[in-house]
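Everything below concerns the one structure shown next.
Number of protein chains: 4
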Amino acid sequence: MSGNTFGRQFCVTSFGESHGAAIGCVVDGCPPGLELTEADIQRDLDRRKPGTSRHVTQRREPDTIEILSGVFEGRTTGTPIGLLIRNVDQRSRDYGSIMNAFRPGHADYTYWRKYGIRDYRGGGRASARETAARVAAGAVARLMLARSGVQVTAYTVALGGVATSQRKLTEIADNRLGCPDNEAAGRMEERLEQVRKQGDTLGGIVEILVTGCPAGLGEPVFDKLDGELAKALMSIGAVKGVEIGAGFAVAGLLGSQNNDPITPAGFTSNNAGGILAGISSGQDIVARVAVKPIPSIAKAQQTVNLAGEPVIVTIGGRHDIAAIPRILPVCEAMVCLTLADFLLRQQAVAAGR
Amino acid sequence: MSGNTFGRQFCVTSFGESHGAAIGCVVDGCPPGLELTEADIQRDLDRRKPGTSRHVTQRREPDTIEILSGVFEGRTTGTPIGLLIRNVDQRSRDYGSIMNAFRPGHADYTYWRKYGIRDYRGGGRASARETAARVAAGAVARLMLARSGVQVTAYTVALGGVATSQRKLTEIADNRLGCPDNEAAGRMEERLEQVRKQGDTLGGIVEILVTGCPAGLGEPVFDKLDGELAKALMSIGAVKGVEIGAGFAVAGLLGSQNNDPITPAGFTSNNAGGILAGISSGQDIVARVAVKPIPSIAKAQQTVNLAGEPVIVTIGGRHDIAAIPRILPVCEAMVCLTLADFLLRQQAVAAGR
Amino acid sequence: MSGNTFGRQFCVTSFGESHGAAIGCVVDGCPPGLELTEADIQRDLDRRKPGTSRHVTQRREPDTIEILSGVFEGRTTGTPIGLLIRNVDQRSRDYGSIMNAFRPGHADYTYWRKYGIRDYRGGGRASARETAARVAAGAVARLMLARSGVQVTAYTVALGGVATSQRKLTEIADNRLGCPDNEAAGRMEERLEQVRKQGDTLGGIVEILVTGCPAGLGEPVFDKLDGELAKALMSIGAVKGVEIGAGFAVAGLLGSQNNDPITPAGFTSNNAGGILAGISSGQDIVARVAVKPIPSIAKAQQTVNLAGEPVIVTIGGRHDIAAIPRILPVCEAMVCLTLADFLLRQQAVAAGR
Amino acid sequence: MSGNTFGRQFCVTSFGESHGAAIGCVVDGCPPGLELTEADIQRDLDRRKPGTSRHVTQRREPDTIEILSGVFEGRTTGTPIGLLIRNVDQRSRDYGSIMNAFRPGHADYTYWRKYGIRDYRGGGRASARETAARVAAGAVARLMLARSGVQVTAYTVALGGVATSQRKLTEIADNRLGCPDNEAAGRMEERLEQVRKQGDTLGGIVEILVTGCPAGLGEPVFDKLDGELAKALMSIGAVKGVEIGAGFAVAGLLGSQNNDPITPAGFTSNNAGGILAGISSGQDIVARVAVKPIPSIAKAQQTVNLAGEPVIVTIGGRHDIAAIPRILPVCEAMVCLTLADFLLRQQAVAAGR
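Protein chains in written order, with the numbering used here: chain B, 1 to 353; chain U, 1001 to 1353; chain A, 2001 to 2353; chain Y, 3001 to 3353.
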């Protein structure tokens, strides 16, 4: 495959540009017999959709999912599941002014260098809209994992310099930012509003928690569980860093601090983040990703045009202030896809024992 | 493949345990006509080998490479390159005392859960010794990349809480720790000595710098260059975090700070770390990894045995205090393998233009 | 991937059932800059479509292709090409009578054993309708190959026991059966009519000729060009045998007869069928496939139902008498996809020379 | 992978040339806990080895297998199994006379076109010696299959124009040619002797029979069981055709003749060769391959040299008269590898049901 297929046993192949006819994907390798309806997928898609607040784009993207194949009488058949989302509000005229300029922090320049093509329509394949296909596929993976008791939840632990001081998962649904700390969420909202007025954007940190994951998932040495999670999460456009468990903090720890002691009742700490030697340990899996500020800012920026001449761009259109919270279901989807794949890969060899 | 093959076009398949007969790998997809001798590989292997100081294990592991195939009259033929390193000093008796206990922070527990096997011989496949095969394969990739002007260098930017205050690449070779700051390297050595006496171990941070990388490498959307680098680096046993460019710092930046302005003379900053939208931009690629402390410590640790009973383990044998600096050539190897693969993948489609 | 993706560099992922909402595929890895319109694809689809004569099914399957992504301003962008064909005439009621019986020679029994599902709607994923997605993807590959001067043509060399006595390629378009021998085509039509009246069906042999293929395609040792062609062609439902060049006739030849002598003007024969040691030689590539009779026959047949009880089935509905000639563009598509993939794979390593 | 890896879940990666230091392979994905010794592998290797009669090469190739990894205390561990066979009798001087000429029917010409390299040492990677690695890997697969009751047997059904008139499997071991018809075997030996005196070589047909294969193996639509078997067998250098069940004979059958009726006691015929719609049916799997005459003949042949000038070559050295019977264990190995892979792939999705 040429970069648009993820997974080996539970596989998703994605297609589509933000301003083309449609986006979608093919989920191949899903076991037969899984109950699946469009509503199961729509639920996650709706969490990713824009237009729910001032801080996210007001574009109308209904993101209505259609299951094209692979489901018969409400259950998966084991054959590939085709998923389609039509694009309905492309308004490519908004992008006319930046047709010939490379927007800083955007895919414009590298896509042009790689493909020799300048598709100026709002990012094309590099648009965050592409992640809707990930979310749709991830919803299928999530259902499969649920049968095994695996739950995947992403939440905001920092935004625009405001960090949470607790992880109260019950509060995630209380605020619009998916933050397990209502008080911090309030301050994050203030920061978003402040920066919105400045015509600027914000970055943050998302944590993903997996509960109920059986021990034994992950395929050493190259396809370690943490390695594949890192790829899965870093393949999301806005992500610039991934860490597992104690993450970068391990650099300052002693071995005696970092090692998680084992007792008959289980591990007494979880610096490993649920993954030891690339294999799940049965503990909660904990990952965090660094989310960069949305590159589309209203402020004037220095760049060059296709002719290499210096120009100043100011990006209009309707854009989010932060990738958070819309990135939360995308992070969950990529973790679900990774775990679903490893669950099947482990079944392949363990079933014969 | 089942977890031991890396890459799609330039591929390495690895095998071998620390206490078996040999370790090695097969490099498949290397173009024909590349000058390659055992000395080219041995050079990198020697940088990884133990026994060069008090802080690294004194085991005799000569790591002598043998090229078994794929080279004729000093050049690669385009057929698979078989690489073999015999194990010569296994001394599995050292591990007798921990035969039945799961060492905290080690692969013992998860390998047992995954495979149902307790291979107590010093880590077996999960031993850091496995990385010698990566270094050998990476040396071949490095030669291929050098023809295109790509250079990959890893160096230590933090160890045991001591951080470098500069990145003077000329100083990397001056000190034993591969640190681009001789003064910091001195303090790191002191910290190592201190912790060695305590029977404990240290973590740190390694930065990898790629110069000369052409624009256009990376395959959106899932096989982004940063995604594959994250996988490649996170697949190294001791790594618990990966970041690109500004990395986790982006969480606190504004869009106007994080976006790298473009001028006719090029980008004026490199927060992106040389990768935009998953594709190399032609700037230097910059990645950092968090390296956990070596889990084998001399201090007593709480754990359980195979019967699930609580036991105290004290790990003897000859072990490093830190994975740094031996991990440096491993990081370089994984980055070389990733870039070699993407270089060929890009040639596949770009050649026809 | 889980069985529905073909190719490594030029890849197609297929989805869809005969009686679901749609069939389609994603073509990933097509180089950018290739001129591509829906008409280019429709042309091949129309050659595969039913309803053009008495001997093929009269169902209305307009097979209208829609390009969903990957094309901008009439050219491919290098991103995945989503292709969609809606199903418009499913009439699943025709299949009611065989809902609980396993039709001999059909997928019914093995799909049920594999997936534990009985999708009785006309074959579902195993229907020949699935091949429309192959033809659509193959049309893209064909365009890419044409740029390199490669032409792929399939034609009928035997049908119902009637064999061609010549291979006059100019006559292929003269008759409805794609036969390079108008006289034989006439006798084949008589045989079809005769068997149609008996409520029976016919098998045949298709030959595929590739001209203009450059030397050097194919990846020893497992991914030999003939190996992948064999897989590609045998993966078509009706195919039970594949041979290259002299094929099964080599069993009766002496080495001195079978070896193709080489002269300064080229090879003087082509028993090898254009492939030596799994690599194209630059000669014409010649392959033949054995096509089984359509299993849906009007005659009464002995079988069992889901309960394992003996039943007699008579298959109504509208079915072809022979897979020929509709299988011809499918054979071409699979060969085009195989060659496109190997062309890119060869460019990956040869470009650096 | 670049052509030297076979399989997706049970994978083998092969390396080595006939006149290099060694050949071997890495088997990745074998489940843990399988009893495996070098003797298990040596048994199959010995069936492939030369020097057992006048009709096969007298070179000394002891083909001694060494297990380098992946086995602990007599059982597989689930980690990659490294297998090594040293080359001990290369005598590359024998090939000096054909250093600059392209031997008809050999890989010389196409390897030179593909790789730009002229490795004149007896075929190098294209030598039949490469198949020893397949046999070694296949022996591991065979053991795994045996646990599930699957047996794979290849035998000679035609050689030099002499066909068997029966398939009495008990007679296979009675004669040196692996022929299930002792009387035919006698006539085949006479034909071999006759042709040996003429300095020529012979082709034949091998049939492979699989008993005990469970229903449900194979992954539609592209990775059908027959498709992968066709690739597996066609990837053997000497094979020019593959057919399943009735094979090419289906071209002359009516649907009513070809369809295998189903009764409560099972299928009443096996024209399908145990595979329906790409999935095993539980019947015996039957495949046949066409084996070309060994291209190395003692007779003078017309060819060109590297400069493109016409030359006459006469190939000395010690060569077989026919690839049969040494190819028999190679055919078995490829079928074992294919089935082992599909068995694990099926377990991946079926285990969760």
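Glycine included, each C-beta is placed from N, C-alpha and C at the ideal position.
What does Y:Leu3145 reach in chain B if we use C-beta pairs closer than 9 angstroms?
For the purposes of this step, residue 3145 of chain Y is taken as the residue at position 145 of the fourth sequence. Ordered by position in chain B, no residue passes the 9 angstroms Cβ test against Y:Leu3145, which lies about 11 angstroms from the chain.
Taking a contact to mean a Cβ-Cβ separation below 8 angstroms, would you say U:Ala1014 touches U:Cys1025 in this structure?
Taking the first residue of the second sequence as 1, we reach residue 1014 of chain U at position 14. Taking the first residue of the second sequence as 1, we reach residue 1025 of chain U at position 25. One point to set straight first is that residue 1014 of chain U is Ser, not Ala, in the sequence displayed. Cβ atoms of U:Ser1014 and U:Cys1025: closer than 8 angstroms.
Using the beta-carbon of each residue, which ones in chain U are nearer than 8 angstroms to Y:Asp3119?
On the fourth sequence, position 119 is the one that residue 3119 of chain Y refers to. Under the 8 angstroms cutoff, chain U gives Phe1072, Thr1077.
Between which residues of its own chain and B:Asp200 is the CB-CB distance below 7 angstroms, once the five residues before and five after are set aside?
Taking the first residue of the first sequence as position 1, residue 200 of chain B is located at position 200. Excluding residues within five positions, the ones whose Cβ falls inside 7 angstroms are Ile297, Lys299.
Across which residues does DSSP place U:Ser1014 in a beta bridge pair?
Numbered from 1 along the second sequence, position 14 holds the residue referred to as residue 1014 of chain U. DSSP lists U:Cys1025 as partners of U:Ser1014.
So, with DSSP's three-state summary, where would you put Y:Thr3076?
Within the fourth sequence, the letter at position 76 stands for residue 3076 of chain Y. The answer is strand: DSSP assigns Y:Thr3076 an E or B state.
Considering only residues of the same chain and omitting the five flanking positions on each side of U:Arg983, which have a CB-CB separation below 6 angstroms?
Past the boundaries of the shown model lies residue 983 of chain U; chain U is included only from 1001 to 1353, so the question cannot be answered.
Alpha-carbon to alpha-carbon, Y:Phe3006 and B:Tyr155
Counting from one through the first sequence, the residue named residue 155 of chain B turns up at place 155. Counting from one through the fourth sequence, the residue named residue 3006 of chain Y turns up at place 6. When rounded, the distance between both Cα atoms is 41 angstroms.
Spatial distance of B:Leu34 from A:Gly2003 (CA atoms)
Reading the first sequence from its first residue, position 34 is the one you call residue 34 of chain B. Reading the third sequence from its first residue, position 3 is the one you call residue 2003 of chain A. Cα to Cα, the separation comes out at about 19 angstroms.
Please confirm whether Y:Arg3187 has its beta-carbon closer than 8 angstroms to some beta-carbon of chain U.
Looking up residue 3187 of chain Y in the fourth sequence gives position 187. False, the Cβ-Cβ gap to chain U never drops below 8 angstroms.
Got a sec: is the Cβ-Cβ distance from A:Asp2260 to anything in chain Y below 8 angstroms?
Your numbering for residue 2260 of chain A matches position 260 in the third sequence. Yes, A:Asp2260 lies at the interface with chain Y (some Cβ there is under 8 angstroms from its Cβ).
First and last residue of the uninterrupted alpha helix (DSSP H) at Y:Gln3042
Position 42 of the fourth sequence, counted from the start, is the residue given in the question as residue 3042 of chain Y. Y:Gln3042 -> alpha helix (DSSP H) spans 3038-3048.
Can you tell me whether Y:Arg3147 is buried or exposed, with buried defined as 16 or more other CB within 10 angstroms of its CB?
To locate residue 3147 of chain Y, count along the fourth sequence from 1; it is residue 147. Burial call: exposed.
Chain-ordered chain A contacts of Y:Glu3228 [CB-CB under 8 angstroms]:
The count along the fourth sequence starts at 1 and reaches residue 3228 of chain Y at position 228. By Cβ distance, chain A contributes Lys2231.
Taking Cβ positions, are Y:Leu3177 and Y:Glu3189 nearer each other than 8 angstroms?
Sequence index remark: in the fourth sequence, residue 3177 of chain Y carries index 177 (1-based). Sequence index remark: in the fourth sequence, residue 3189 of chain Y carries index 189 (1-based). Cβ distance < 8 angstroms, so Y:Leu3177 and Y:Glu3189 count as in contact.
By Cβ distance below 8 angstroms, which residues in the same chain neighbour Y:Ile3262 in space, the five residues on each side in sequence not counted?
Taking the first residue of the fourth sequence as position 1, residue 3262 of chain Y is located at position 262. Within the same chain, Y:Ile3262 has close Cβ partners Thr3268.
In or out: A:Gln2009 buried (at least 16 other Cβ within 10 Å) or exposed?
In the third sequence, the residue the question calls residue 2009 of chain A occupies position 9. It is buried - the Cβ of A:Gln2009 has at least 16 other Cβ atoms within 10 Å.
Checking contacts by CB at 8 angstroms: is A:Gly2241 closer than that to chain U?
In the third sequence, the residue the question calls residue 2241 of chain A occupies position 241. No, A:Gly2241 lies away from the interface with chain U (no Cβ there is under 8 angstroms from its Cβ).
Along the chain, where does the alpha helix (DSSP H) containing U:Gly1186 start, and where does it finish?
Counted from its first residue, the second sequence places residue 1186 of chain U at position 186. It spans 1182-1197 - the alpha helix (DSSP H) in which U:Gly1186 sits, taken as one unbroken run.
Are U:Leu1083 and U:Ala1039 touching if we call contact CB-CB under 8 angstroms?
Here residue 1083 of chain U refers to the residue found at position 83 of the second sequence. Here residue 1039 of chain U refers to the residue found at position 39 of the second sequence. Result no, Cβ atoms of U:Leu1083 and U:Ala1039 do not sit closer than 8 angstroms.
C-beta atoms of U:Thr1164 and U:Ala1184 nearer than 8 angstroms
Mapped onto the second sequence, residue 1164 of chain U falls at position 164. Mapped onto the second sequence, residue 1184 of chain U falls at position 184. Cβ atoms of U:Thr1164 and U:Ala1184: closer than 8 angstroms.
On the DSSP letters alone, give me the boundaries of the alpha helix (DSSP H) that U:Pro1329 sits inside.
Stepping through the second sequence from its first residue, residue 1329 of chain U is reached at position 329. Start and end: 1327-1350.
Other residues of its chain near U:Cys1213: CB distance less than 6 angstroms, five sequence neighbours each side excluded
Here residue 1213 of chain U refers to the residue found at position 213 when the second sequence is read from its first residue. Within the same chain, U:Cys1213 has close Cβ partners Val1150, Ser1280, Ile1285.
Output yes or no for whether 8 angstroms exceeds the beta carbon distance between A:Val2206 and A:Leu2036.
Reading the third sequence from its first residue, position 206 is the one you call residue 2206 of chain A. Reading the third sequence from its first residue, position 36 is the one you call residue 2036 of chain A. Not closer than 8 angstroms, so no.
Mapping DSSP to helix, strand and coil, what is A:Leu2159?
Position 159 of the third sequence, counting from 1, holds the residue named residue 2159 of chain A. Three-state DSSP puts A:Leu2159 in a strand.
To the nearest whole angstrom, what separates the beta carbons of A:Gly2048 and A:Pro2329, a pair I think is in contact under 8 angstroms?
Position 48 of the third sequence holds residue 2048 of chain A. Position 329 of the third sequence holds residue 2329 of chain A. A small fix is needed here, since residue 2048 of chain A is Arg in this sequence, not Gly. 5 angstroms between Cβ atoms; contact.
Buried versus exposed call for U:Lys1224 [16 or more other C-beta atoms within 10 Å across all chains shown]
Taking the first residue of the second sequence as position 1, residue 1224 of chain U is located at position 224. Per the 10 Å Cβ criterion, buried.
Starting from B:Gln283, find everything on chain Y with Cβ-Cβ shorter than 9 angstroms and list it in chain order.
Translated into positions along the first sequence, residue 283 of chain B becomes position 283. What B:Gln283 touches in chain Y: nothing, since even the nearest Cβ is about 21 angstroms away.
Beta strand (DSSP E) segment containing Y:Glu3207, residue limits:
The residue labelled residue 3207 of chain Y in the question sits at position 207 within the fourth sequence. Element bounds for Y:Glu3207: 3204-3211.
If you drop the 5 nearest sequence neighbours on each side, which residues of the same chain put their C-beta closer than 8 angstroms to that of Y:Pro3069?
Here residue 3069 of chain Y refers to the residue found at position 69 of the fourth sequence. Checking the displayed sequence, the identity of residue 3069 of chain Y turns out to be Ser instead of Pro. Cβ within range, chain order: Thr3079, Pro3080, Ile3081, Gly3082.
Going by Cα to Cα distance, which pick from B:Ile65, B:Val12, B:Pro50 is closest to B:Ile41?
The sequence position of residue 41 of chain B within the first sequence is 41, counting from 1. Nearest option by C-alpha distance: B:Ile65.
Determine whether the Cβ of Y:Ser3018 lies closer than 8 angstroms to any Cβ atom of chain A.
Here the question's residue 3018 of chain Y lines up with position 18 in the fourth sequence. So no, Y:Ser3018 is outside the interface.
Tell me, which residues are paired with U:Asp1223 by DSSP?
The residue labelled residue 1223 of chain U in the question sits at position 223 within the second sequence. Answer is U:Glu1219.
If I follow the unbroken alpha helix (DSSP H) through Y:Thr3110, where does it start and stop?
Within the fourth sequence, residue 3110 of chain Y is the residue found at index 110, counting from 1. Unbroken alpha helix (DSSP H) run through Y:Thr3110: 3108-3115.
Per DSSP, U:Gly1266 is paired with what?
The residue labelled residue 1266 of chain U in the question sits at position 266 within the second sequence. Beta-bridge pairing links U:Gly1266 to U:Thr1263.
From what residue to what residue does the beta strand (DSSP E) around Y:Arg3288 run?
To locate residue 3288 of chain Y, count along the fourth sequence from 1; it is residue 288. Here the beta strand (DSSP E) through Y:Arg3288 covers 3285-3291.
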